[in-house]
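If you're matching them up, the sequences are chains F and Z in order. Our numbering puts the first residue of the first sequence at -14, with every later residue one more than the last. Our numbering puts the first residue of the second sequence at 159, with every later residue one more than the last. Every residue, glycine too, gets a C-beta built ideally from N, C-alpha and C. Only a predicted model underlies this, so the values are computations on that prediction, with no experimental measurement involved.
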Amino acid sequence: MSTGINWLKYSSPQAFYPLAGRLIPWFACVAVALMGIGLYLGFFVAPTDFQQGDSYRIIFVHVPAAWMSMFLYVVMAVWAGIGLGLNARLSFMMAQAIAPTGAMFTFLALLTGAMWGKPTWGAWWVWDARLTSELILLFQYAGVMLLRTSIDDLRRADRSSAVFALVGVVNVPIIYFSVQWWNTLHQGASVSMSTGSKMAATMLMAMLIMTMAFWLYSIAVILSRARCIVVERESQPVWEEKPAVIQTAAEAR
Amino acid sequence: MQWGSASEFFAMGGYGLYVWTSFVATALCMVWEVLALWRRRAAARAEQRAMLLGGTDETAA
Chain F
-14 MSTGINWLKY SSPQAFYPLA GRLIPWFACV AVALMGIGLY LGFFVAPTDF
36 QQGDSYRIIF VHVPAAWMSM FLYVVMAVWA GIGLGLNARL SFMMAQAIAP
86 TGAMFTFLAL LTGAMWGKPT WGAWWVWDAR LTSELILLFQ YAGVMLLRTS
136 IDDLRRADRS SAVFALVGVV NVPIIYFSVQ WWNTLHQGAS VSMSTGSKMA
186 ATMLMAMLIM TMAFWLYSIA VILSRARCIV VERESQPVWE EKPAVIQTAA
236 EAR
Chain Z
159 MQWGSASEFF AMGGYGLYVW TSFVATALCM VWEVLALWRR RAAARAEQRA
209 MLLGGTDETA A
């Protein structure tokens, strides 16, 4: 490789484990710092919305959670696809590690959406295209996880849940474009790649910083779950505390 | 800053219940996830240690 770095080296669980261990504290610290900044901007700097009053402040968790729910699904499907294509076990482990966090953000997007919907629309829930497709996303995450736990053979569980995840990725553009394709109650995108933002600068800044924070939080949590999965699944070598544990093991014998 | 007092801040212009439920639920989910991972990690390491100490066949699940 021209860069002189063997990137394939990190595709093995043995190399991934210590690398992830070094990276997690950094992602976690920056996530906490950004959350502090984002909450400060969201609650103390961003003004009250002239239409929605202070209920709009829910978007500082709602929009990042909803974005993460869709984004994590795509990332999970990509890892699942790489796993199926290259038969790489770390890829399947990454897909497995992403699902619970993605499901959590989907649940939070639905819950905070209900909290926003009640005062704004007068209803906790409506069977609107955006809400319904997001609910289906939650079932998809549940399906990916349940399929895995219901199959005892690890390799078959990996492949089955990967195929399920890949097929389900069609729902993500449906969620994203639902507010354009159908006449929904859910408001259109406040931030768009083509037309820019329709929000006040401080509101937008708070929302983007919270999104970055959720992103880094997700990376930290997913990497640490992937490390757990490596320990659980790869029984052969001990990567952590190697000398000390082996010492005790030797003494015990 | 638009808040005159702490009670005004917590009232959130009458939307306090909705706003704080959203933020508290999000915080609780994140804290729970981190704690659950902590326990999972401890359990995985304990199992691996037991496997190393007590031979490979009996303790391996």
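**Asked** In the structure shown, what three-state DSSP assignment does Z/G171 receive?
**Response** Here Z/G171 carries a helix assignment [DSSP, helix/strand/coil].
**Request:** Please list, in chain order, all residues of the same chain as F/Q81 whose beta carbon is under 7 Å from its beta carbon, the five residues on each side excluded.
**Result:** R133, I214
**Item:** Inter-residue CB distance, F/A62 and F/L151 (contact presumed, cutoff 8 Å)
**Value:** Indeed, because the Cβ distance is near 5 Å, the residues count as touching under 8 Å.
**Short Cβ contact (8 Å threshold) for F/W64 with F/I83** = yes
**Request:** Give the straight-line distance between the Cα atoms of Z/R198 and F/F162, rounded to the nearest whole angstrom.
**Result:** 38 Å
**Message:** Once the 5 residues before and after F/F45 are set aside, which same chain residues still bring their CB inside 7 Å of it?
**Reply:** So the qualifying residues of the chain are G23, G27, A191, M192, M195.
**Prompt:** Does the beta carbon of F/T196 come closer than 8 Å to any beta carbon on chain Z?
**Reply:** By this cut-off, F/T196 is not an interface position.
**Message:** Taking its Cβ as the centre, do 16 or more other Cβ atoms sit within 10 Å of F/D113, making it buried, or is it exposed?
**Reply:** With 16 or more Cβ atoms within 10 Å of its Cβ, F/D113 is classed as buried.
**Request:** List the DSSP bridge partners of F/F38.
**Result:** Looking at the sequence itself, residue 38 of chain F is Gly, so the reference to Phe does not match. Residue pairing by DSSP places F/G38 opposite F/D34 in a beta bridge.
**Prompt:** Can you tell me the Cα-Cα spacing of F/F77 and F/G66, whole angstroms?
**Reply:** 9 Å
**Request:** For Z/G162, decide whether its Cβ has a neighbour in chain F, counting only Cβ atoms nearer than 8 Å.
**Result:** no
**Message:** When you compare the CB of Z/V192 with every CB in chain F, is at least one pair closer than 8 Å?
**Reply:** It does: the Cβ of Z/V192 has a partner Cβ on chain F nearer than 8 Å.
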